[in-house]
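Residue numbers (the numbering used here): 11 to 292.
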């Protein structure tokens with residue numbers, strides 16, 4: 011939570027320096043709070059540039075895949091990681107139970123060793139059940155956040171708004187909240203993984219022109235299904251980088267310590283293309 015608060019505070023400060031207005035979209039419940047940061051007037055914007063700012067939890071699986079356009083495969087990956095979490099937590103619990111067996115009859119020396127062992131195992135058990143945030147997250151979504159901030163600084167157009175989504179890495183809670191504030195005529199440009207991966211996909215709903223955002227070798231993909239993020243909006247574009255195998259587009263090493271690669275040349279090119287598009291919005 012502290013990282014989110016620092017990000018929001020620094021981003022608002024940056025907006026104030028650039029003369030940009032900020033506001034919040036919030037949703038509170040007993041189970042979770044969602045707080046989207048909105049830059050400029052979203053009600054009158056023709057185009058809204060969107061990215062997630064929340065930090066994903068660290069995965070126990072050494073190689074975690076993320077499928078930008080296939081939530082069902084993401085659920086499968088999360089379930090595999092959850093099984094590993096449960097197994098590791100169960101092993102810690104069994105070891106704690108073993109150490110506490112006949113604890114009272116143990117010598118002072120053994121009691122001391124058992125006590126500290128139980129404390130350490132208890133800590134690991136807690137961490138397996140409640141993982142900490144992953145430390146390196148260029149794919150989800152540090153690169154996209156950096157790109158959005160750069161675009162925000164460069165584009166002076168009141169017809170453009172920006173939204174930094176909360177709780178949109180592990181779920182679509184941020185995008186669901188955003189949907190309540192927009193109309194069907196507004197175009198959403200969602201910046202997903204812009205960090206690494208040999209392929210670049212510009213996906214869009216059927217009634218959107220994306221030629222200005224394409225480059226030689228990039229893939230244009232039209233989605234009319236409602237089972238992914240694009241399905242939440244009538245007019246939407248989603249840009250993501252990654253790999254393709256067996257006709258499935260995916261991002262490697264998300265939620266792991268290996269999520270540190272960034273193709274800066276391509277990232278800058280994506281930013282330049284979006285800036286050019288936004289500057290022509292009237």
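Even for Gly, the Cβ is constructed at its ideal location relative to N, Cα and C.
Boundaries (first-last residue) of the alpha helix (DSSP H) holding residue i
i: residue 91; result: 81-110
i: residue 26; result: 12-27
i: residue 113; result: Counting along the chain, residue 113 falls outside any alpha helix (DSSP H), and DSSP gives it neither H nor E.
i: residue 278; result: 274-289
i: residue 185; result: 183-189
i: residue 161; result: 153-164
Boundaries (first-last residue) of the beta strand (DSSP E) holding residue i
i: residue 251; result: 246-255
i: residue 61; result: 57-62
i: residue 307; result: It is not possible to answer for residue 307, since the shown part of the chain is limited to 11 through 292.
i: residue 170; result: 170-175
i: residue 140; result: Run containing residue 140: none; DSSP gives neither H nor E here.
i: residue 263; result: No beta strand (DSSP E) holds residue 263; DSSP gives it neither H nor E.
i: residue 200; result: 197-201
i: residue 213; result: 209-214
i: residue 229; result: 229-232
i: residue 49; result: 43-49
Proximity of residue i and residue j at Cβ, strictly below 7 Å
i: residue 9; j: residue 98; result: With the chain represented from 11 up to 292, any question about residue 9 goes unanswered, as that position is not in the structure.
i: residue 266; j: residue 69; result: yes
i: residue 91; j: residue 71; result: yes
i: residue 215; j: residue 78; result: no
i: residue 147; j: residue 291; result: no
i: residue 218; j: residue 244; result: no
i: residue 24; j: residue 47; result: no
i: residue 212; j: residue 224; result: yes
i: residue 65; j: residue 13; result: yes
i: residue 205; j: residue 281; result: no
Contact set for residue i: own chain, Cβ-Cβ below 8 Å, skip 5 residues either direction
i: residue 253; result: 207, 208, 209, 259, 260, 261 and 262
i: residue 142; result: 67 and 68
i: residue 165; result: 285, 288 and 289
i: residue 95; result: 70, 138, 139 and 141
i: residue 279; result: 225
i: residue 270; result: 146 and 148
i: residue 113; result: 121 and 124
i: residue 294; result: Outside the displayed range of the chain (11 to 292) lies residue 294, so it cannot be described from this structure.
Other residues of its chain near residue i: CB distance less than 7 Å, five sequence neighbours each side excluded
i: residue 134; result: 102
i: residue 22; result: 32
i: residue 239; result: 182, 185, 200 and 248
i: residue 274; result: none
7 Å Cβ cutoff, residue i in contact with chain D
i: residue 93; result: The chain inventory of the structure shown lacks chain D, comprising one protein chain alone.
Alpha carbon of residue i to alpha carbon of residue j, nearest angstrom
i: residue 49; j: residue 123; result: 55 Å
i: residue 42; j: residue 191; result: 20 Å
i: residue 268; j: residue 145; result: 10 Å
i: residue 194; j: residue 221; result: 21 Å
i: residue 120; j: residue 132; result: 18 Å
i: residue 235; j: residue 255; result: 21 Å
i: residue 233; j: residue 129; result: 51 Å
i: residue 81; j: residue 39; result: 24 Å
i: residue 27; j: residue 277; result: 25 Å
i: residue 73; j: residue 93; result: 15 Å
i: residue 34; j: residue 237; result: 27 Å
i: residue 20; j: residue 100; result: 40 Å
i: residue 60; j: residue 118; result: 59 Å
i: residue 257; j: residue 197; result: 28 Å
Cut-off 6 Å between Cβ atoms - residues of its own chain near residue i, not counting five sequence neighbours on either side
i: residue 37; result: 44 and 187
i: residue 171; result: 50, 52, 55 and 58
i: residue 189; result: 242
i: residue 127; result: 109
i: residue 179; result: 62, 64, 66 and 150
i: residue 264; result: 74, 76, 149 and 150
Mind the definition here: the region 193-204 touches the region 84-102 only if three or more C-beta pairs lie below 8 Å; say whether that holds. no
Given 8 Å as the limit, is there contact between the region 173-189 and the region 214-230, that is, 3 or more CB pairs closer than that? no
Between the region 152-159 and the region 107-122, can you find at least three pairs of beta-carbon atoms closer than 8 Å? no
Is there contact between the region 276-288 and the region 158-168, where contact requires at least three CB pairs shorter than 8 Å? yes
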